[in-house]
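By my numbering, the letter at position 153 of the sequence shown is numbered 404, and the numbering carries on one by one without gaps. Structure, as structure tokens:
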Amino acid sequence: MSDFFKSFIGNPDAVIIANGNYPTHKIPLSYIEKATYIVCCDGAANLFIDRGGHPDAIVGDCDSISEENKTRFADIIHPDPDQYTNDLTKSVHFCVQQGKKNLVIVAATGKSEEHTLGNISLLAEYKNQANVAMITDYGILYPIHSPTTFPSFRGQHISFFCIDRAEVTLHGLRYPLNKALLTNWWQGTLNESLGDAFTIETWGRTLVFLGHHPASTSSPAPSL
Numbered sequence: 252m253s254d255f256f257k258s259f260i261g262n263p264d265a266v267i268i269a270n271g272n273y274p275t276h277k278i279p280l281s282y283i284e285k286a287t288y289i290v291c292c293d294g295a296a297n298l299f300i301d302r303g304g305h306p307d308a309i310v311g312d313c314d315s316i317s318e319e320n321k322t323r324f325a326d327i328i329h330p331d332p333d334q335y336t337n338d339l340t341k342s343v344h345f346c347v348q349q350g351k352k353n354l355v356i357v358a359a360t361g362k363s364e365e366h367t368l369g370n371i372s373l374l375a376e377y378k379n380q381a382n383v384a385m386i387t388d389y390g391i392l393y394p395i396h397s398p399t400t401f402p403s404f405r406g407q408h409i410s411f412f413c414i415d416r417a418e419v420t421l422h423g424l425r426y427p428l429n430k431a432l433l434t435n436w437w438q439g440t441l442n443e444s445l446g447d448a449f450t451i452e453t454w455g456r457t458l459v460f461l462g463h464h465p466a467s468t469s470s471p472a473p474s475l
């Protein structure tokens, strides 16, 4: 387990598999393989089951899970017809209700830009309910709303996206900022860590992206 997760997540109580592109990088795959509790977002269960997986819970409005799997896994399906939240949010709420508050989300990006942006933005909403991180094939997305120091490595790709209009100060990054007010998401992208830690000082909701180490190469997704 990476230093990031030892510091920020610990051992995840649950891994949520969303209905985006299934991961191919070994880091998100390792969290699926080692998970003690897996929640699939509705139709995400179809691919996970096809790959040999067995979810512990399937949550959503049940409009995309196959009829076969709906019948086969009826005892672990938790339908939620609310059309004002998406299946990822329903899955996070389900985990919190089960007392699971250290959460890792995978397969939440790809397929559709609107769903990718929506899912990433929701991390800021989940911050007050759970300790949650999203892992992609490229890195980790983590929400903050107060000054935070992250473990890192020299040359790590770092970006951040301000949800609220709030001052931002950066320490330990190639392009520092001092009480800056950013006006667009791109302004926080493509920075780089200078060492084994960096700090983002802000009191606004902010999404931080930390790129995977180059040594963690992609690998084919194994059957489960």
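Idealized CB from N, CA, C, for every residue including glycine. Quick caveat, the model's predicted, so the values are computed rather than measured.
What is the residue span of the alpha helix (DSSP H) that residue i lies within?
{"i": "V347", "result": "D338 to Q348"}
{"i": "P279", "result": "K277 to K285"}
{"i": "G369", "result": "E364 to Y377"}
May I ask you to report which of helix, strand or coil DSSP gives residue i?
{"i": "E418", "result": "coil"}
{"i": "A325", "result": "helix"}
{"i": "S470", "result": "Because the pLDDT at S470 is just 43, under 50, the model does not fix this residue reliably, and the point stays unresolved."}
{"i": "G311", "result": "strand"}
{"i": "L354", "result": "strand"}
{"i": "A381", "result": "coil"}
{"i": "I300", "result": "helix"}
{"i": "A431", "result": "strand"}
By Cβ distance below 6 Å, which residues in the same chain neighbour residue i in space, the five residues on each side in sequence not counted?
{"i": "L339", "result": "A269, C292 and N370"}
{"i": "L475", "result": "Low confidence applies to L475: its pLDDT is 35, below 50, so where it sits in the model is not reliable enough to give any reading."}
{"i": "P332", "result": "D312"}
{"i": "I328", "result": "I309"}
{"i": "I289", "result": "V266, P306 and D307"}
{"i": "F460", "result": "G390, L392 and S410"}
{"i": "G271", "result": "A358, A359, T360, G361 and K362"}
{"i": "N353", "result": "I260, G261, P263, D264 and N382"}
{"i": "K279", "result": "In the sequence as displayed, the identity of residue 279 is Pro instead of Lys. Same-chain partners within the cutoff: V357 and I386."}
Tell me, please, which residues DSSP counts as bridged to residue i.
{"i": "Y393", "result": "V459"}
{"i": "P402", "result": "A448"}
{"i": "E443", "result": "H408"}
{"i": "A269", "result": "For A269, which the question treats as bridged, DSSP gives no partner whatsoever."}
{"i": "P330", "result": "G311"}
Only counting the same chain, and skipping five residues up and downstream in sequence, which positions put a Cβ closer than 7 Å to that of residue i?
{"i": "Y389", "result": "G462 and H463"}
{"i": "A375", "result": "P394, I414, R456 and L458"}
{"i": "V347", "result": "Q380 and A381"}
{"i": "L373", "result": "L339 and T340"}
{"i": "M252", "result": "Low local confidence applies: a pLDDT of 41 at M252 is under 50, so the model's placement there is unreliable, and no value is given."}
Taking the beta strand (DSSP E) that residue i belongs to, which residues open and close that run?
{"i": "I289", "result": "I289 to C292"}
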